[in-house]
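Residue 5 in full-length UniProt numbering sits at position 5 of the sequence shown, with consecutive numbering throughout. Even for Gly, the Cβ is constructed at its ideal location relative to N, Cα and C. Source: prediction; values computed, not measured. Data block below; observations after.
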Amino acid sequence: MTVPEPNVHLLQERRTQVALRRLLVTPEYGSMTDAVTDVLREGVLSGLLPPGTWLREGEIAEVLSVSRTPVREALRRLSDEGLTNRSANRGSVVAGMSLEEVLAVYSVRASLEGLAARTAAARRPAGLVDRLLALHGRFKQAVEAGDNPAAINSEFHRAIREASGNAYLERFLVQVENAVRRFGQTTFDVPGRSAEVVGEHYAIIEAIATGNEDLAEERAMNHMRHAREVRLRQMLGG
Numbered sequence: 001m002t003v004p005e006p007n008v009h010l011l012q013e014r015r016t017q018v019a020l021r022r023l024l025v026t027p028e029y030g031s032m033t034d035a036v037t038d039v040l041r042e043g044v045l046s047g048l049l050p051p052g053t054w055l056r057e058g059e060i061a062e063v064l065s066v067s068r069t070p071v072r073e074a075l076r077r078l079s080d081e082g083l084t085n086r087s088a089n090r091g092s093v094v095a096g097m098s099l100e101e102v103l104a105v106y107s108v109r110a111s112l113e114g115l116a117a118r119t120a121a122a123r124r125p126a127g128l129v130d131r132l133l134a135l136h137g138r139f140k141q142a143v144e145a146g147d148n149p150a151a152i153n154s155e156f157h158r159a160i161r162e163a164s165g166n167a168y169l170e171r172f173l174v175q176v177e178n179a180v181r182r183f184g185q186t187t188f189d190v191p192g193r194s195a196e197v198v199g200e201h202y203a204i205i206e207a208i209a210t211g212n213e214d215l216a217e218e219r220a221m222n223h224m225r226h227a228r229e230v231r232l233r234q235m236l237g238g
């Protein structure tokens, strides 16, 4: 992971502290470590804690009003997920992403999304096609209204991966999706991209509905490759 110039003071800003506290849901039965991990992960993925932000145990524990123990374990988990880089005796810093890493993420995602679509087409669990068509309708309405359809897009891809019935595939795709969220802007910010996705999604639905595994995989992979091209143009200012 790229190590950007650290931002030492971000956690000392009141607005950041307030936002992090709002994210914390004190568990009734679960682990405080899980709760703290969720807060910090969402902070990184949402851009609240951008690349270069130092995450120190003492500061985080004070901001969230928790002990250092769950914070220490949460930071270890974020490091294992590639979201932070750990520095001995200094803490952890939110990692950035190089162009090469962006390309790697999209390469992996294309393969995994293709496999998910292929498996979904083979299994076609009851209600899947209706669910995808409903999401497609909502997506199209959002585009026509000029709204950002990113949340509906995530639901669409989640429906397909859940239909695969493969827990490992689902888990890996969630990790890759989290990596994509770290890029900041969505590809839907690019003029015309949302309208293109309407057609790409419908093509995937058609292939799944007919049980054409090869076509479903091909269309899902092409969808991700196109997303990668748009992302690169977005990053390079083209």
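query	result
Alpha-carbon spacing of A223 relative to E57, whole angstroms	Residue identity differs from the one stated: residue 223 is His in this sequence, not Ala. If you take the alpha carbons of H223 and E57, they lie about 41 Å apart.
Residue environment, N89, which counts as buried when at least 16 other CB atoms sit within 10 Å	exposed
Distance between beta carbons of A121 and G199, contact taken as under 8 Å	Actually they do not touch by this definition, with Cβ atoms about 18 Å apart.
Stretch pair the stretch 181-199 + the stretch 72-81: three plus CB contacts closer than 8 Å	no
Status (buried if at least 16 other CB within 10 Å, exposed otherwise) for P149	buried
C-beta atoms of A220 and A104 nearer than 9 Å	no
Element boundaries [alpha helix (DSSP H), containing S107]	99-123
Residue nearest to M97 in terms of C-alpha spacing, selected from G91, V108, T84, A216	T84
Pairwise C-alpha distance: A167 and P51	30 Å
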